[in-house]
Amino acid sequence: MTSILCDNDNLLGFWYPVARSVDVMSAPVSAKLLGRNLVVWRDGNGTVSALPDRCTHREAKLSLGYVKDNCLVCPYHGWEFAEDGKCVRVPSATEGIPVPPKAHIEAFGCEDRYGLIWVCIGTPKATIPEMPWDNDPKFRRINTPVDTWKCSATRMVDNFLDITHFPFVHVESFGRAQETSVPKVELGPLDDHFFGYSYEVNANNASVGTIASGQSAGVVHRKMSSGFNLPLICRSTIEYETGLSHILLLVSTPIDDVTSYFTFVVWRSDDFAVPSDEVLRLDFMIGAEDKRMLETFDTVLPLDQTSLVSVQADKCSVEWRRQFAALLNG
Ligand code: FES
Ligand SMILES: [Fe+2]
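In the numbering used here, each residue carries its 1-based index in the sequence shown increased by 2.
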């Protein structure tokens with residue numbers, strides 16, 4: 003059966019996070035992207051590399067091997083591969099016999115950015131989106147583990163761009179005090195990398211929310227923006243009246259059509275005093291609420307413009323869906 007996402011070559015030229023940087027240290031790590039098995043590993047110089055997780059000799063999983071002298075060593079017969087995928091040693095070969103050219107593996111694009119390992123399977127058509135807060139000393143960056151969600155990345159993006167589910171899905175975390183009607187959504191570029199909309203909301207600030215907002219009032223006012231960077235990256239920015247900014251990069255990576263990695267990265271302009279796991283308790287709670295809802299869907303979001311009914315408040319996710327469908331159609 004054809005896979006809507008994995009069999010679409012137009013998705014291959016983009017960067018997708020597949021692991022958190024701190025989880026790829028001395029041992030190789032297996033990952034899956036758009037139906038392809040990968041091995042991600044770091045050589046002794048700290049350079050990360052992504053290769054198909056298949057040894058050219060007898061197809062052993064390289065992710066079960068180990069790193070030695072800046073090479074990835076296959077666990078089966080010990081062939082050694084350099085960071086660019088070149089096979090540099092066949093232990094059984096007699097001295098002076100060259101490595102067969104077909105032994106080399108073509109490496110994928112691989113970057114270590116924002117505490118994540120990003121992989122591009124094809125020829126890059128875009129860059130990893132700029133997050134200017136990463137270089138701003140007023141901000142700290144907090145990474146979170148990469149989780150697997152049993153739902154399509156398309157459902158995740160649709161959800162992350164949608165604020166009308168807040169008073170329903172997020173009633174426990176922050177959505178309780180929120181008005182259900184949404185003012186007119188004006189779409190446009192948020193900067194050079196993200197397209198979306200800005201809005202203001204009153205959010206419930208009970209218990210766990212007081213740490214994230216840095217305030218104790220029962221309800222807090224937030225200036226927010228939500229936007230996307232094609233194909234599947236979302237960003238939310240939150241600014242409180244105190245001037246505190248909390249920026250979220252929400253990443254959905256398609257493992258296949260209906261399974262995805264999810265991780266989020268936070269940049270925050272607080273005084274760095276509160277430990278990061280406490281700061282993120284609200285975000286983890288929100289993520290769990292979204293995951294619970296989205297895992298009830300077992301299909302890709304319909305991408306045509308007619309099979310779902312949308313209203314004014316869905317404008318951003320509808321626009322993302324239009325652009326995403328156009329990208330898939332080339
Ligand atoms: S299968 Fe990898 S060295 Fe033989
Ligand atoms: Fe949500």
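Glycine included, C-beta positions come from ideal geometry on N, C-alpha and C. Source: prediction; values computed, not measured.
Residue i beta carbon near ligand 2 (any heavy atom closer than 7 Å)
{"i": "N206", "result": "no"}
{"i": "D292", "result": "yes"}
{"i": "N161", "result": "yes"}
{"i": "I333", "result": "Any property of residue 333 remains undetermined from this structure, which presents the chain solely from 3 to 332."}
Where residue i falls: helix, strand or coil (DSSP)
{"i": "K104", "result": "helix"}
{"i": "E297", "result": "coil"}
{"i": "D258", "result": "strand"}
{"i": "K34", "result": "strand"}
{"i": "R142", "result": "strand"}
{"i": "T283", "result": "This sequence places Arg at residue 283; Thr is not what is there. Helix at R283."}
{"i": "V313", "result": "coil"}
{"i": "W322", "result": "helix"}
{"i": "D160", "result": "helix"}
{"i": "P147", "result": "coil"}
{"i": "A52", "result": "strand"}
{"i": "T265", "result": "strand"}
{"i": "W135", "result": "helix"}
{"i": "V184", "result": "coil"}
{"i": "A205", "result": "strand"}
{"i": "R72", "result": "A quick correction: the sequence has Asn, not Arg, at residue 72. The answer is coil: DSSP assigns N72 none of H, G, I, E or B."}
{"i": "L252", "result": "strand"}
{"i": "D114", "result": "strand"}
{"i": "L330", "result": "helix"}
Cβ-based burial, residue i [other Cβ within 10 Å; buried from 16]
{"i": "V311", "result": "exposed"}
{"i": "I99", "result": "exposed"}
{"i": "R324", "result": "exposed"}
{"i": "G67", "result": "buried"}
{"i": "R60", "result": "exposed"}
{"i": "G190", "result": "exposed"}
{"i": "A155", "result": "buried"}
{"i": "M3", "result": "exposed"}
{"i": "M133", "result": "buried"}
{"i": "N206", "result": "buried"}
Contact test: residue i Cβ vs ligand 1 heavy atom, cutoff 7 Å
{"i": "Y68", "result": "no"}
{"i": "W81", "result": "yes"}
{"i": "H59", "result": "yes"}
{"i": "C73", "result": "no"}
{"i": "C76", "result": "yes"}
{"i": "A95", "result": "no"}
{"i": "A105", "result": "no"}
{"i": "A84", "result": "no"}
Assumed close pair residue i, residue j - CB separation to whole angstroms, cut-off 8 Å
{"i": "L284", "j": "G211", "result": "5 Å"}
{"i": "S39", "j": "R56", "result": "According to the sequence shown, residue 39 is Asn rather than Ser. Correct: roughly 7 Å between the Cβ atoms."}
{"i": "H248", "j": "I235", "result": "H248 to I235, Cβ: 18 Å. No contact."}
{"i": "S319", "j": "D160", "result": "5 Å"}
C-beta contact flag for residue i and residue j at 8 Å
{"i": "L35", "j": "I119", "result": "no"}
{"i": "N204", "j": "V184", "result": "no"}
{"i": "W17", "j": "I130", "result": "yes"}
{"i": "G198", "j": "S227", "result": "yes"}
{"i": "V24", "j": "I144", "result": "no"}
{"i": "N12", "j": "G332", "result": "yes"}
{"i": "V90", "j": "C73", "result": "yes"}
{"i": "G37", "j": "P126", "result": "no"}
{"i": "F274", "j": "V253", "result": "no"}
{"i": "F299", "j": "C76", "result": "no"}
{"i": "D259", "j": "S5", "result": "yes"}
{"i": "F230", "j": "F264", "result": "no"}
{"i": "A52", "j": "V121", "result": "yes"}
{"i": "R270", "j": "F141", "result": "yes"}
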